[in-house]
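*Asks:* Right, I'll just put the structure down here and ask away after.
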Amino acid sequence: MVWEKVLVSAEFAETTHGGLGCIACHGGKDGILTKEEAHEGIVIDPTQGAATACNACHPNEVETVPSSLHATQQGYFTAFERRGGDAESTDFHAMFENRCAECHASCGQCHVSRPATVGGGLTHGHMFRKQPSQTNQCTACHGSRIGDEFRGKNEGIPADTHYLSGMNCMNCHTGVELHGDGTMPDHRFANEAGPTCVTCHPDAQSADSPIMHHSIHQNNVSCNVCHSVSYKNCYACHVEQDSQGLRFPSEMDFRIGKNPEVSEYRPYGYVLLRHIPIAPDTFEPWGLEMPNYAGSPTWRPAAPHNIQRNTPQTESCDNCHGNLDLYLTAEYINQLIESGLMNEQEIEANQSVIVTEVPGGF
């Protein structure tokens, strides 16, 4: 019989979830031998939506997940509202449900199968994993940028030193961050449950650090400004040609700018910035407007996953100080505008993050 060939195994039957029996989570009818009748009322993914099947045994996680960024995608609402959009409108919610909400996964799509948006499919029979698989879950969704950076898949850019040390996503991104802590952050850089370097490197932001550069730059420069290398920017992939019909010369970039999200959690004056794919008419096909497009920077804080212990920035002070090529300046944005890669409102939108006076050389 076809239903005897897949899904469950003797190994699964001996686990906690296997011992519950299929009907406990999926519904259907017991004691019936015909497929059609046995499957009546079956729930394919019993963790979807309110995750009621998980709630019986995992009430704490289920209680906080609805307010987590993975569930709410609140960052999209925050960004739209900052540009004057009406995130409470029926049209926005309809667009969000059709175009954005489908991206995020249920409990089961992290702990037993691959997410539906990348094809689904059980990863190891019906076995549940307490810790998601970096390949089948994390980078299945976050692969083209984060996964490639982390594993050194971008040509000429080495893998992240944490990856080379045998670490995976969950070494930094904890269950509290992913399941939520009961609060509802406005965006990922406001999520205090997110990872910080000082968790493992407590001296890195200390005035008493034995490393001179750490003590000098404490709380003024984010760690990845010095310990990251070139990373992807959205305009390189989303805009194939400039106004002269020429391909933009590089998919990689490295830009230091002012921190638009200063907080106790992220106190730095300077951070790395990545351009995001947003234009004044992005939502026009759905009848949505952003009357204050320039109300929020289009260069947002970046968290590259290509951390290196030694980089050009750590080799010499002059590689940052006085080096215009590393900073987000008005001149650089104007070059991109003239090439047709950005719109003219970008200068106004990014006034809060543009570096007007590059720290001098030595």
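In the working numbering, the protein residues as written are 110 to 471.
Quick reminder that beta carbons are idealized off the backbone N, C-alpha and C, glycines included.
(1) From what residue to what residue does the alpha helix (DSSP H) around Pro168 run?
(2) Any idea if Leu382 is buried or exposed, counting beta-carbon neighbours within 10 angstroms, 16 or more meaning buried?
(3) Would Val464 and Thr423 qualify as a contact pair, given that the criterion is a beta-carbon distance under 8 Å?
(4) Would you check if the distance between the CB atom of His414 and the CB atom of Ile266 is smaller than 8 Å?
(5) Give the range of the beta strand (DSSP E) segment to which Tyr379 is assigned.
(6) Please classify His271: does DSSP put it in a helix, a strand, or coil?
(7) So is Ser274 buried or exposed if we call it buried at 16+ other beta carbons inside 10 Å?
(8) Using 8 Å as the cut-off, can you tell me whether the segment 243–254 makes contact with the segment 222–235, which would need three or more C-beta pairs spanning the two stretches below that distance?
(9) Whole-angstrom Cβ separation of Val462 and Pro369, contact assumed at under 8 Å?
(10) Tell me whether Pro175 is buried or exposed, calling it buried when 16 or more other Cβ atoms sit within 10 Å of its Cβ.
(11) How far does the alpha helix (DSSP H) with Lys144 in it extend, from its first residue to its last?
(12) If you run the structure through DSSP and keep just helix, strand and coil, what is Val285?
(13) Relative to the C-alpha of Ser405, which residue among Pro421, Leu445, Asn459 and Asp257 is closest?
(14) Under the three-state reduction of DSSP, which class applies to Tyr185: helix, strand or coil?
(15) Nearest by alpha-carbon distance to Glu457: which of Val467, Glu447, Ile442 and Cys335 is it?
(16) Using 8 Å as the cut-off, can you tell me whether the segment 197–206 makes contact with the segment 305–313, which would need three or more C-beta pairs spanning the two stretches below that distance?
*Replies:* Answer, in terms of the structure:
(1) Pro168 to Thr173
(2) buried
(3) No.
(4) Taking 8 Å as the cut-off, the Cβ atoms of His414 and Ile266 do not count as close.
(5) Tyr379 to His384
(6) helix
(7) exposed
(8) yes
(9) Approximately 5 Å separates the beta-carbon atoms of Val462 and Pro369; this is inside 8 Å, confirming the contact.
(10) exposed
(11) Lys144 to Ala147
(12) Looking at Val285 - three-state DSSP - the assignment turns out to be helix.
(13) Asn459
(14) helix
(15) Ile442
(16) Fewer than three Cβ pairs drawn from the segment 197–206 and the segment 305–313 lie within less than 8 Å of each other, which leaves the two stretches out of contact.
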